[in-house]
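Peer 1:
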Amino acid sequence: MQRLMIGSVDRDCHPTMMKCLALAALAMHALPVAGRTVVEVGGALPSESGYLQTPAGGMPGTATAKRPTLAEIDLDGGHFRWLGARLDFNPSAKSDPAAVPFRLRVHARFTTIGDGATSMIEQAFTIRGGVFEVGDSVRSRVSYDGLTLAATGVFGLGPGLSVEIGPVVGWTAFDFTMRGERHQIDRAYHVTTFGLVGEVRRDFGNGWQIRAKIAASPAFEGVGSRHAAETWLGRDLTERFGVAIGAGFEAFGYDDAHKQELPNRLNVSRRVVPALAVRLRL
-6 MQRLMIGSVD
4 RDCHPTMMKC
14 LALAALAMHA
24 LPVAGRTVVE
34 VGGALPSESG
44 YLQTPAGGMP
54 GTATAKRPTL
64 AEIDLDGGHF
74 RWLGARLDFN
84 PSAKSDPAAV
94 PFRLRVHARF
104 TTIGDGATSM
114 IEQAFTIRGG
124 VFEVGDSVRS
134 RVSYDGLTLA
144 ATGVFGLGPG
154 LSVEIGPVVG
164 WTAFDFTMRG
174 ERHQIDRAYH
184 VTTFGLVGEV
194 RRDFGNGWQI
204 RAKIAASPAF
214 EGVGSRHAAE
224 TWLGRDLTER
234 FGVAIGAGFE
244 AFGYDDAHKQ
254 ELPNRLNVSR
264 RVVPALAVRL
274 RL
């Protein structure tokens, strides 16, 4: 398994993630695909809660526990957008996907999540060895851009009903800055997650379908955690084009207490209601 990479990392997060997505797409394209390719673009306005504890070198006293919260520095909203692709692998899927009792499926999704705001500090806290005092005006920005790859087995359980399950791996590029007149911080690193993803889909005819998805990536030493649940109501408007509306919840966390006394600790919960997506079958 790939271990988490952490340090003063770079603003090359976007190019790195996009290169990974491009390589994944090329690898998918090189495989003997008999089913259809589905490309999805979506977005939402999230509501977030949690905190971003950020010490200096893991030294005690260089950060206030569970501070700052996202709410107190106005980073509890922002944007949530994604670009994804899905490929099915089965010789019979081309003619009638619903009739196939089992097939393999590969997913790739690049997500960009972030927020930026100017706020006034109402309760002092220590971060990265410095203090933001009461009354300080600070400009803050955070992003959690990520790439997920999953390989699932899809099982047909009956007319219009299917379930899929398989492993999923994710990489999140965390980037956080706060700038004030007296103190400023700049922290960036990558977090890796490993887990399982499952989905149940029901087709009702006339292009309508409903999907429920759950993903669980538990934390262990050096690796982050991610738990998510989402539900989608979709409609195929044509043979190639469809739209969907959904709602979801996600919890993302990481700490490096395994290697330092005062850890970097992320704890972010995200509600996405509603989310909109457009799908194109190629």
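Quick note on numbering: the sequence shown equals residues -6 to 275 in the working numbering. All C-beta atoms, glycine included, are put in the ideal place defined by N, C-alpha and C. Everything numeric in this text was worked out from a predicted model, so none of it was measured.
#1: Three or more C-beta pairs closer than 8 Å, one from the stretch 44 to 56 and one from the stretch 248 to 260: is that the case here?
#2: Buried or exposed for Asn199, going by 16 or more other Cβ atoms inside 10 Å?
#3: What distance in whole Å lies between the Cβ atoms of Ile158 and Thr170, which are believed to be in contact at a cut-off of 8 Å?
#4: Distance, Cα to Cα, Thr231 vs Glu223?
#5: Can you find at least 3 beta carbon pairs, one from the stretch 183 to 196 and one from the stretch 205 to 222, that sit closer than 8 Å?
#6: Taking only three categories from DSSP, how would you classify Val127?
#7: Identify every residue that forms a DSSP beta bridge with Gly241.
#8: Could you tell me which residues DSSP pairs with Glu115 in its beta bridges?
#9: Is there contact here, the stretch 138 to 156 with the stretch 112 to 128, by at least three beta-carbon pairs under 8 Å?
#10: Rounded to a whole number of angstroms, what is the C-alpha to C-alpha distance between Arg180 and Val32?
#11: Check this for me: beta carbons of Gly123 and Met113, under 8 Å apart or not?
#12: Indicate the three-state DSSP secondary structure (helix, strand or coil) for Leu24 in the structure shown.
#13: Of all the CB atoms in chain D, is at least one closer than 8 Å to the CB of Glu232?
#14: Going by DSSP, what residue range makes up the beta strand (DSSP E) through Phe167?
#15: Counting C-beta neighbours from all protein chains within 10 Å, is the total for Ala58 16 or more, i.e. buried, or is it exposed?
#16: Short check: CB of Leu97 to CB of Phe82, under 8 Å?
#17: In angstroms, rounded to a whole number, what distance separates the CA positions of Phe167 and Asp108?
#18: Please classify Ile66: does DSSP put it in a helix, a strand, or coil?
#19: Give me the Cα-Cα distance between His176 and Thr55, rounded to the nearest whole angstrom.
#20: How many Å lie between Val266 and Gly70 at the Cα?
#21: Go ahead and label Phe95 buried or exposed: buried means 16 or more other beta carbons lie within 10 angstroms of its beta carbon, across all protein chains shown.
#22: Measuring only from the beta carbon, is Ala143 closer than 7 Å to any heavy atom that is part of the ligand SAM?
#23: What separation, rounded to the nearest whole angstrom, lies between the Cα atoms of Ile66 and Glu174?
#24: Do you know whose CA, among Arg102, Trp201 and Gln253, lies nearest Gly50's CA?
Peer 2: Taking the structure as given:
#1: Yes, the stretch 44 to 56 touches the stretch 248 to 260.
#2: Here Asn199 is exposed. Its C-beta has fewer than 16 other C-beta atoms within 10 Å.
#3: With a Cβ gap of about 39 Å, Thr170 and Ile158 do not count as contacting.
#4: One C-alpha to the other measures close to 24 Å.
#5: The stretch 183 to 196 vs the stretch 205 to 222: in contact.
#6: Val127: coil per DSSP, three-state reduction.
#7: Within the DSSP secondary-structure output, Gly241 pairs in a beta bridge with Glu223 and Val265.
#8: In the DSSP output, where bridge partners are listed per residue, Glu115 has none listed.
#9: Segments in contact, no.
#10: Their Cα atoms are separated by approximately 33 Å.
#11: No, these two residues do not count as a Cβ contact at 8 Å.
#12: Reliability fails at Leu24, whose pLDDT of 47 lies under 50, so the model's placement of it is uncertain and no value is given.
#13: Included in the structure is just one protein chain, with no chain D present.
#14: Leu154 to Arg172 is the extent of the beta strand (DSSP E) around Phe167.
#15: The Cβ neighbour count for Ala58, taken over all protein chains shown within 10 Å, is under 16; the residue is labelled exposed.
#16: At a Cβ-Cβ threshold of 8 Å, Leu97 and Phe82 count as neighbours.
#17: Computed Cα separation, rounded: 12 Å.
#18: DSSP, reduced to helix, strand and coil, places Ile66 outside both helices and strands of the structure shown, so it counts as coil.
#19: One Cα belongs to His176, the other to Thr55, and the distance between them is close to 13 Å.
#20: Approximately 12 Å between the Cα atoms of the pair.
#21: Phe95 sits exposed, since fewer than 16 C-beta atoms from the chains shown fall within 10 Å of its C-beta.
#22: As for the ligand SAM, it is missing from this structure, which has no ligand bound.
#23: Looking at the two C-alpha atoms, the distance is approximately 15 Å.
#24: Nearest option by C-alpha distance: Gln253.
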